[in-house]
Amino acid sequence: MKYRILALAAVFALSACGGGGEPEPGAASGAASTTLTAWIMDGSVTQDLLKKFETEYEAAHQGIDLDIQIQAWDGIGERVTAALASTDAPDVIEVGNTQIAQYAASGGVTDLTGKIADLKGEDWLPGLAQPGNIDGKQYGIPWYAANRVVVYNKDLFADAGITEHPKTRDEWIEVTTKLNKDGNQGIYLTGQTWYALAGFVWDEGGDLAVQENGQWKGALDTPQAMAGMQFYKQLQALGKGPKDADEATPPQHEVFAQGKVAQIVAVPGAAARVLEVEPGMKDKMGFFPIPGKTADKPGTVFTGGSDLIIPVASQHQTEAYELVKALAGEKFQTELATTMSFVPNRTSLAGVLSGDEGTAAMAVGAANGRATPNTPNWAAVEATSMIKQYMTAVLTGADPATEAKKVSESITTTLNSGS
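Letter by letter, the sequence shown follows residues -18 to -1, 1 to 401 of mature numbering (1 follows the signal peptide of the UniProt record, and there is no 0).
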């Protein structure tokens, strides 16, 4: 298997990485082999688990050579759109569950409705299955679900005399302020962690966009949404996270692994990535739900996850489906869930994570979960990074009301494009 980390600024040549290249000579048998290319998102799976899967899959599927390419989330919308429009696309692509509607609308995604029964679709999580089903056709195959929690450094909390997790936003600011000293960062929160911002906006009673009379309207300029942004600014200032980047630049798990950051906002699976960098952090990480405005309810979180799609342009449709079946199957789902603390794609597998601290914190937050606006054009909002740019502008001193009005107008235009 060839793992390729794609630099954010790199120009990606689709013809160089698609699954439809010339067959390579077989191994001992001399038979031709088929290279299957899969795009997996950075942070979804550890390299150790991917290597294990690759070894076992190729052993069980003679003549298949897996080429798994790790993709950064930043700019992924444009890359997937380009791949779906190409004649030499990857064979399998992991996509965010909120993005499927836009991709399916392009006509470049294979309809897998006839495979639902074979994939145990009656047992899928609705939050993953429903976004993958467009106009009665199943384009996205559920892979995993997750929501963000606070991952914290137990040693730094103990050193600061903090013995209880904060239950409210005010307590969270107080605790984080105490932690932000002696060369340590109280929290590492980048300026463009927009899913965290969405939760704060929802907590205030605001929204990213609302639907009125059949039209969508950006709503980040409401007083409630602006209050959410103000809290984000206050929290973000209690650390050294860059104001002009997201959590992937640099990867926040790498920053946390250095042992000088008290908290990050991430899915529990980030802990596995931390241990890849610094195994010595094994017993130093804890988890708690994102605090809410009041102690009786946790902070609102975006409950999302990933689905798997097969591009129509894949030249190996049968083989691609078999790969999806394995990735979405019980064996790998169990390994993925226990390694990454993700919620598996089937309701019957929920018990595999009993007793896991990170998953327990995630489950508490999930009870107060929300989703992004349910429209095919929402993926275009994410692809243009307009919310991220808004956040950076406010954090670097621009007038909040002016910037909120600008981004809301941009969201309105994008969501109603073509309607």
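The beta-carbon is built from N, C-alpha and C at its ideal position, and this holds for glycine as well.
Give the secondary structure of residue 213 by DSSP, where H, G and I count as helix, E and B as strand, and everything else as coil.
-> In the structure shown, residue 213 sits in a helix (DSSP, three-state: H, G or I).
Would you say the region 103 to 111 touches the region 318 to 332, given that touching needs at least three Cβ pairs under 8 Å?
-> Proximity of the region 103 to 111 to the region 318 to 332 meets the contact definition, three or more beta-carbon pairs being nearer than 8 Å.
Taking 8 Å as the cut-off, decide whether the C-beta atoms of residue 316 and residue 294 are in contact.
-> Between residue 316 and residue 294, the C-beta gap is not smaller than 8 Å, which leaves the two residues out of contact.
Rounded C-alpha distance that separates residue 443 from residue 289 = Because the chain in this structure spans residues -18 to 401, residue 443 falls outside the shown range and cannot be described.
For residue 10, the three-state DSSP class (helix, strand or coil) | The pLDDT assigned to residue 10 is 42, lower than 50, so where the model puts this residue is not dependable; a value taken from the coordinates is nonetheless given after this. Here residue 10 sits in coil by DSSP.
Please list, in chain order, all residues of the same chain as residue 343 whose beta carbon is under 6 Å from its beta carbon, the five residues on each side excluded.
-> In chain order, 131, 269, 270, 271 place their CB closer than 6 Å to the CB of residue 343, counting only its own chain and leaving out the 5 sequence neighbours on each side.
Just checking my contact of residue 331 with residue 312 at CB under 8 Å: how many whole Å lie between their CB atoms?
-> A Cβ-Cβ distance of about 7 Å is found for the pair residue 331 and residue 312, placing them in contact under the 8 Å criterion.
Measure the alpha-carbon distance for residue 142 versus residue 160 and round it to whole angstroms.
-> Distance between the alpha carbons of residue 142 and residue 160: 7 Å.
Between the region 161 to 172 and the region 221 to 232, do three or more beta carbon pairs fall short of 8 Å?
-> Taking 8 Å as the limit for Cβ pairs, the verdict is that the region 221 to 232 does touch the region 161 to 172.
Compute the distance between the beta-carbons of residue 73 and residue 246, then report whether it is under 8 Å.
-> Contact: no.
Between which two residues does the alpha helix (DSSP H) containing residue 294 stretch?
-> Segment: none, residue 294 is in no alpha helix (DSSP H) and carries neither H nor E.
Are residue 287 and residue 347 touching if we call contact CB-CB under 8 Å?
-> Contact: no.
On the three-state DSSP scale, how would you describe residue 15?
-> Taken through DSSP and simplified to helix, strand or coil, residue 15 comes out as strand.
Thinking residue 123 and residue 101 are a contact (beta carbons under 8 Å), I'd like their distance in whole angstroms, please.
-> Going by Cβ atoms, the distance from residue 123 to residue 101 rounds to 6 Å, so yes, they are a contact pair.
Going by the beta-carbon positions, is the gap between residue 242 and residue 162 smaller than 8 Å?
-> No. Outside cutoff.
Bounding residues of the alpha helix (DSSP H) (the contiguous stretch that carries residue 179) | Note, residue 179: alpha helix (DSSP H), 176 to 185.
Alpha carbon to alpha carbon, how far is residue 255 from residue 195?
-> In a straight line, the C-alpha of residue 255 is about 45 Å away from that of residue 195.
Check the C-beta distance from residue 407 over to residue 391 and give it rounded, since I have them as a contact under 8 Å.
-> The question about residue 407 has no answer, for the chain in this structure spans -18 to 401.
Below 8 Å on the Cβ atoms is my guess for residue 201 versus residue 188; work out the distance and round it to an integer in Å.
-> Going by Cβ atoms, the distance from residue 201 to residue 188 rounds to 6 Å, so yes, they are a contact pair.
If we count Cβ pairs, one from each stretch, closer than 8 Å, do we get three or more for the region 21 to 28 versus the region 73 to 85?
-> Contact holds: three or more Cβ-Cβ distances are below 8 Å.
Roughly how many angstroms lie between the CA atoms of residue 397 and residue 359, to the nearest whole one?
-> Between residue 397 and residue 359, the C-alpha separation is close to 5 Å.
For my contact list, residue 40 and residue 46 are in at a C-beta cut-off of 8 Å; report their separation, rounded to the angstrom.
-> Their Cβ separation, rounded to whole angstroms, is 6 Å, which keeps residue 40 and residue 46 in contact under 8 Å.
Taking DSSP as the reference, what is the three-state secondary structure of residue 119?
-> In the structure shown, residue 119 sits in a strand (DSSP, three-state: E or B).
8 Å Cβ cutoff met for residue 95 and residue 49 | Not in contact: residue 95 and residue 49 (Cβ atoms no closer than 8 Å).
Going by CA-CA distance only, name the one from 92, 180, 277 that's closest to residue 355.
-> With respect to the C-alpha of residue 355, the residue from 92, 180, 277 having the closest C-alpha is 180.
Under the assumption that residue 266 contacts residue 257 (Cβ atoms under 8 Å), give the Cβ distance between them as a whole number of angstroms.
-> With 8 Å as the limit, residue 266 and residue 257 do not qualify as a contact, their Cβ atoms being about 10 Å apart.
To the nearest angstrom, report how far apart residue 389 and residue 368 are at their CA atoms.
-> Rounded to whole angstroms, residue 389 to residue 368 spans 7 Å at the Cα level.
Rounded separation between residue 210 and residue 275 - CA only | Rounded to whole angstroms, residue 210 to residue 275 spans 11 Å at the Cα level.
Can you give me the Cβ contacts of residue 150 inside the same chain, cut-off strictly under 7 Å, excluding the 5 residues immediately before and after it?
-> These residues qualify, in order along the chain: 273, 274, 275, 276, 277.
Just tell me which of 244, 204, 54 has its CA closest to the CA of residue 222.
-> Closest by alpha carbon: 244.
Bridge partners - residue 150, DSSP secondary structure assignment = For residue 150, which the question treats as bridged, DSSP gives the partners 274.
Mind checking residue 83: buried by the 16 CB within 10 Å criterion, or exposed?
-> Classification of residue 83: buried, given that the 10 Å Cβ count is 16 or more.
Over the uninterrupted beta strand (DSSP E) stretch that includes residue 246, give me the two end residues.
-> First-last of the beta strand (DSSP E) with residue 246: 245 to 248.
Could you work out which residue in 44, 85, 35 is closest to residue 14 when comparing CA atoms only?
-> Nearest option by C-alpha distance: 44.
Indicate whether residue 285 and residue 129 have their beta-carbon atoms separated by less than 8 Å.
-> Yes, Cβ-Cβ distance for residue 285 and residue 129 is below 8 Å.
DSSP bridge partner residues for residue 199 (one or two, in chain order) = Answer by DSSP bridge pairing, in chain order: 192.
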